[in-house]
Amino acid sequence: MDKILGNKKAYFIFVFPAFVVYFIMAFIPIIISGYYSTLEWNGIGEKVFVGIDNFIALTKNNAFMSSVKNSLILAVASIVGQLIPAMFFAIVLSRNIKGEGIYRTVYFIPVLLSTVVIGQLFLKIYNADYGALNAFFGLFGIKGQDWLGNTKLVLGAAFFPIIWQYIGYHMLILYTGIKGVPAEIYEAAQIDGANERQMAFRITIPLIKSTMKVSLTFAVIGSLKLFDLIWVLTKGGPLHASEVPSTLMYTTIFTRMEYGSGSAIAVFIVAECLLFYFLIEKFFKVDNITY
Amino acid sequence: MKRTALKKAVGLLMSAAMVVSLAGCGGSKDSGSPSSEPAQEAAPAQESESSGSEADAEAGAQADAQSGEQVTITLWSQFSDPNSTDGNYVAFYNALESIKTDMPNVNVVHEGTESESYKVKLRTAMAGNELPDVFFNWGAGTMAPYVEAGLVLPLDEYMTDEMKGKILGGTLDNFTFGGEIYGYPYSVAVASLYVNTELFEQNNVKVPETYDEFLAAVDAFKAAGITPISLGERDLWPGLMIFGIHAIRMAGAEAFNAALNGEASYNTPELVEAAKLVQELAARGGFGDSAMGTSEDDAVAAFKQGRAAMMFMGSWLNGDCEADDAAVKGKISVIKFPVIEGGKGTADEFHGGSGETFLVSSNTEYPAEAAAVAQYICEKMSKDQYLAGSGMPAWEADMGDTSELNRLSQEIADLTKDATGYVYWLDSLTGGSAADTLMNEIANLIAGNETPEEFCANLQTLNE
Numbered sequence: 012m013d014k015i016l017g018n019k020k021a022y023f024i025f026v027f028p029a030f031v032v033y034f035i036m037a038f039i040p041i042i043i044s045g046y047y048s049t050l051e052w053n054g055i056g057e058k059v060f061v062g063i064d065n066f067i068a069l070t071k072n073n074a075f076m077s078s079v080k081n082s083l084i085l086a087v088a089s090i091v092g093q094l095i096p097a098m099f100f101a102i103v104l105s106r107n108i109k110g111e112g113i114y115r116t117v118y119f120i121p122v123l124l125s126t127v128v129i130g131q132l133f134l135k136i137y138n139a140d141y142g143a144l145n146a147f148f149g150l151f152g153i154k155g156q157d158w159l160g161n162t163k164l165v166l167g168a169a170f171f172p173i174i175w176q177y178i179g180y181h182m183l184i185l186y187t188g189i190k191g192v193p194a195e196i197y198e199a200a201q202i203d204g205a206n207e208r209q210m211a212f213r214i215t216i217p218l219i220k221s222t223m224k225v226s227l228t229f230a231v232i233g234s235l236k237l238f239d240l241i242w243v244l245t246k247g248g249p250l251h252a253s254e255v256p257s258t259l260m261y262t263t264i265f266t267r268m269e270y271g272s273g274s275a276i277a278v279f280i281v282a283e284c285l286l287f288y289f290l291i292e293k294f295f296k297v298d299n300i301t302y
Numbered sequence: 004m005k006r007t008a009l010k011k012a013v014g015l016l017m018s019a020a021m022v023v024s025l026a027g028c029g030g031s032k033d034s035g036s037p038s039s040e041p042a043q044e045a046a047p048a049q050e051s052e053s054s055g056s057e058a059d060a061e062a063g064a065q066a067d068a069q070s071g072e073q074v075t076i077t078l079w080s081q082f083s084d085p086n087s088t089d090g091n092y093v094a095f096y097n098a099l100e101s102i103k104t105d106m107p108n109v110n111v112v113h114e115g116t117e118s119e120s121y122k123v124k125l126r127t128a129m130a131g132n133e134l135p136d137v138f139f140n141w142g143a144g145t146m147a148p149y150v151e152a153g154l155v156l157p158l159d160e161y162m163t164d165e166m167k168g169k170i171l172g173g174t175l176d177n178f179t180f181g182g183e184i185y186g187y188p189y190s191v192a193v194a195s196l197y198v199n200t201e202l203f204e205q206n207n208v209k210v211p212e213t214y215d216e217f218l219a220a221v222d223a224f225k226a227a228g229i230t231p232i233s234l235g236e237r238d239l240w241p242g243l244m245i246f247g248i249h250a251i252r253m254a255g256a257e258a259f260n261a262a263l264n265g266e267a268s269y270n271t272p273e274l275v276e277a278a279k280l281v282q283e284l285a286a287r288g289g290f291g292d293s294a295m296g297t298s299e300d301d302a303v304a305a306f307k308q309g310r311a312a313m314m315f316m317g318s319w320l321n322g323d324c325e326a327d328d329a330a331v332k333g334k335i336s337v338i339k340f341p342v343i344e345g346g347k348g349t350a351d352e353f354h355g356g357s358g359e360t361f362l363v364s365s366n367t368e369y370p371a372e373a374a375a376v377a378q379y380i381c382e383k384m385s386k387d388q389y390l391a392g393s394g395m396p397a398w399e400a401d402m403g404d405t406s407e408l409n410r411l412s413q414e415i416a417d418l419t420k421d422a423t424g425y426v427y428w429l430d431s432l433t434g435g436s437a438a439d440t441l442m443n444e445i446a447n448l449i450a451g452n453e454t455p456e457e458f459c460a461n462l463q464t465l466n467e
């Protein structure tokens, strides 16, 4: 084994084919997008090189600015709304409670459902005329709302299913992390008289920091590049009130036929995600724990 | 030291991997159908890559049998579902079937893709120079970039005098660029005001003949708790039609067309007044409480179920209103949108026109055959889509027995027989970013976010 690991050629042979595929499928499109972002181009006609004009124009584009703001709000909401409940469920489930497997499955079901299915489901729930939500409020005599048509309510209404859907996903990641903590540590703690709350805050959470970092990264990056549920629910509307950068990128390219400007948004999303990735890396330092 | 550098590099790769899926797949995630093409919204959103597969297979076998003079023409369309009851679909598949016997030397291989995916697919094929011989497309602004890029073939030399005589006047306008004709028409779709006569009678409201009566009807239905006008503004393009008809009535078709084509300003008192009327109509609850969050599908459903009193929509709504599952079957009437007092437009100016066609790629190996296929399909569809209750015909033809014809189609044929002017659907007419700007401006207008003066000034930026 040492012989193989010490052999640089072996590394190369094993890694290279995957790297080539990865490079062609992932990096070349990014590089091409970067090139397109410097053009004024409708997709079929003449390409005009405009340098960074597309990026300058974005800073003056209200729809783009509000889309960035919305995605940052979603990132914060995801951290609070997904990771905290997910951590709670994970800790509870990992304590060998009755029906652990069933609960684990039930919480994970939303993750397995197709986003479009969830989108259609919530479209029906939010519908102003026959939706379940307004019918529920109607029982108490409260006037219903046009949840997805009101610029003040749409953001919350659209973000709720997005956050709800992935709680189970983060729960499973954290649960796996917790299950990796050796049982002896808990036994020792119990012998010392620690209660469940103390064990959770003094043992579990400190020991699964690296798993938490994975969850945090997924939650933040996932929020920044979100597309599907927003597209199904609102298409970024009404009046860009629920716009996120990727929905705006889609309409810019395929409705407005502005390939240059749309590619500039794509480049921005990549850069933004990388930035947040590195910020998390920097401020969430984790020591490697070996038991 | 070296190791950390490697680790960092790997870290960079891995982090990029998470980000990348977006750049890679952003385009293909289209799961809704943000249609900016009114005519196609009613079509079932079902994608089937090669829907005429049975027909294709048959045609393929035929070609093998009598090879030699056989010519294979590839055809793309947005008619993806052979089982659809939409009039245009029915007519298209009729034509696809009969072309086998009528043009035996041509083997047509059809590929249908659902409307929204179709647009993206077409753009991709154009960028890669892989266009089929013949393909469905919308006219005017949507088609202009293809003509400019030289991707489509002018058809003038394939037009006989006989054909010119049969094609109805004005229907070629949206396919003519620089005096050359690039496509043949197959339908004339017209928007009119659909009124639910049962609701009007039950609530003692007069079917409007003037704009004042129209507003009175709006107020009466609002007071009765019925949505006055069903509008699916979530999809943005339905709002265009409301503003479109107001602008036609206020400024007249000719002046409005001039503004849309960039030959005149949007900053005219008439267009400002039209914008003002639309905004006031929205403010007095003309579109109900939830138009901004309602999709076109839901708006049509509300009208079909008798939950809304009026709808201003294109003639493709005929089929829905007369469908067996429609609660309003037999209770709907179509009328001309009322004339607005003080406006320059007349009641005989209409919103709509002929704007869908089949284009021939300039790279086709068999231009004559491809043009003949495009002509055959357009001429055949013109008659069949009319008989199926979709739009008005664009070609003169012996219609035979029309007693089975959709009642509303007949009413619209009567309404439009003295038409003096048309303004085509604003989004197809302008195309691309201009269409998107128009749609968003009108949504802002309806939501009351800008004054009519600001609205017209913002539109004028499109002409500068």
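These protein sequence lines map, in sequence, to chains F and L.
Residues in the first sequence are numbered consecutively from 12, following this note's numbering.
Residues in the second sequence are numbered consecutively from 4, following this note's numbering.
Glycine is no exception: its CB is placed at the ideal position from the N, C-alpha and C atoms.
Would you verify that the beta carbon of Pro231/L is, or is not, closer than 7 Å to some beta carbon of chain F?
-> no
Pick helix, strand or coil for Leu25/L, following the three-state DSSP scheme.
-> Residue confidence for Leu25/L is low, a pLDDT of 42 falling below 50, so the modelled location carries little weight and cannot support an answer.
Chain F contact residues for Tyr149/L, given Cβ-Cβ distances below 8 Å | Ile55
For Phe250/F, return the contacting residues in chain L, with the cut-off set at a CB-CB distance below 9 Å.
-> As written in the sequence, residue 250/F is Leu, which differs from the Phe given in the question. Result: Met295, Asn443, Ala446, Asn447, Ala450, Asn452.
For the stretch 393-409 of chain L and the stretch 313-328 of chain L, state whether three or more C-beta atom pairs, one from each stretch, are separated by less than 8 Å.
-> yes
Look at Glu273/L and Met253/L and say whether their C-beta atoms are less than 7 Å apart.
-> yes
Could you please tell me which residues of the stretch 123-136 of chain L, in chain order, have their CB closer than 7 Å to any CB of chain F?
-> Val123, Arg126, Met129, Ala130
Rounded C-beta distance between Gly348/L and Gly255/L? I'm assuming under 8 Å.
-> 4 Å
For Arg237/L, go through chain F and note every residue whose CB falls closer than 8 Å to its CB, in chain order.
-> Leu159, Gly160, Thr245, Lys246, Gly248, Pro249
Label Gln308/L either buried or exposed according to how many other C-beta atoms from any shown protein chain fall within 10 Å of its C-beta, with 16 as the threshold for buried.
-> exposed
Touch test, the stretch 268-287 of chain L against the stretch 192-206 of chain L, Cβ-Cβ under 8 Å, three pairs minimum = no
What residue from Ser385/L, Asn452/L, Val426/L has the CA that sits closest to Leu263/L's CA?
-> Val426/L
Can you list, in chain order, the residues of its chain whose CB lies under 8 Å from that of Leu134/F, leaving out five sequence neighbours each side?
-> Leu159, Val243, Leu244
For Gly403/L, does the three-state DSSP call read helix, strand or coil?
-> coil
From the DSSP output, in three-state form, read off Ala438/L for me.
-> helix
Between Asp417/L and the rest of its own chain, which residues show a CB-CB distance below 7 Å, the 5 nearest in sequence each way excluded?
-> none
For chain L, is any of its Cβ atoms less than 7 Å away from the one on Ala21/F?
-> no
Quick one: measure Cβ to Cβ for Gly144/L and Thr433/L, integer angstroms, because I've assumed they're closer than 8 Å.
-> 5 Å
Give the C-beta separation of Asn140/L and Leu250/F to the nearest angstrom, bearing in mind that I take them to be a contact with Cβ-Cβ under 8 Å.
-> With 8 Å as the limit, Asn140/L and Leu250/F do not qualify as a contact, their Cβ atoms being about 30 Å apart.
With 7 Å set as the bound, which would you pick, yes or no: does the beta-carbon of Met76/F sit closer than that to a beta-carbon of chain C?
-> Looking at the structure shown, chain C is missing, and the protein chains on hand are F and L.
Backbone CA spacing between Ile95/F and Ile219/F [nearest angstrom] | 14 Å
Could you please tell me which residues of the stretch 255-279 of chain F, in chain order, have their CB closer than 8 Å to any CB of chain L?
-> Ser257, Met260, Tyr261, Thr262, Ile264, Phe265, Thr266, Arg267, Met268, Glu269, Ala277
Rounded to whole angstroms, what's the CA-CA distance from Glu453/L to Thr116/L? Just pull it up for me.
-> 38 Å
With DSSP collapsed to three states, give me the class of Glu51/F.
-> strand
Helix, strand or coil at Glu467/L [DSSP, three-state] | coil
Counted within 10 angstroms of its Cβ, other Cβ atoms place Ser83/L as buried (16 or more) or exposed | buried
Would you mind listing the alpha helix (DSSP H) stretches within the stretch 146-213 of chain F that are 4+ residues and don't spill past its ends, in chain order?
-> 165-190, 194-202, 207-210
Ignoring anything shorter than 4 residues or poking outside the stretch 112-165 of chain L, list the alpha helix (DSSP H) runs there in chain order.
-> 118-130, 147-151
Would you grab the beta carbon distance between Ala168/F and Tyr137/F for me? Rounded to a whole angstrom, and I think it's under 8 Å.
-> 6 Å
Considering only residues of the same chain and omitting the five flanking positions on each side of Lys383/L, which have a CB-CB separation below 6 Å?
-> Ala98
So what's Ala261/L in DSSP terms, helix, strand or just coil?
-> helix
What did DSSP end up calling Phe295/F once you bin it into helix, strand or coil?
-> coil
If you draw a straight line from the C-alpha of Met319/F to the C-alpha of Ser221/F, how long is it?
-> Within the shown structure, residues of chain F are numbered from 12 to 302, placing residue 319/F beyond reach of any answer.
contact_flag[the stretch 118-128 of chain F, the stretch 171-185 of chain F] where n(CB pairs < 8 Å) is 3 or more = yes
Of the listed residues Ala223/L, Ala220/L, Ala267/L, Ser195/L, nearest to Ile245/L (C-alpha basis) | Ser195/L
Residues of its chain near Ile184/F, where Cβ-Cβ distance is below 7 Å and the 5 sequence neighbours each way are ignored | Thr222, Val225, Ser226
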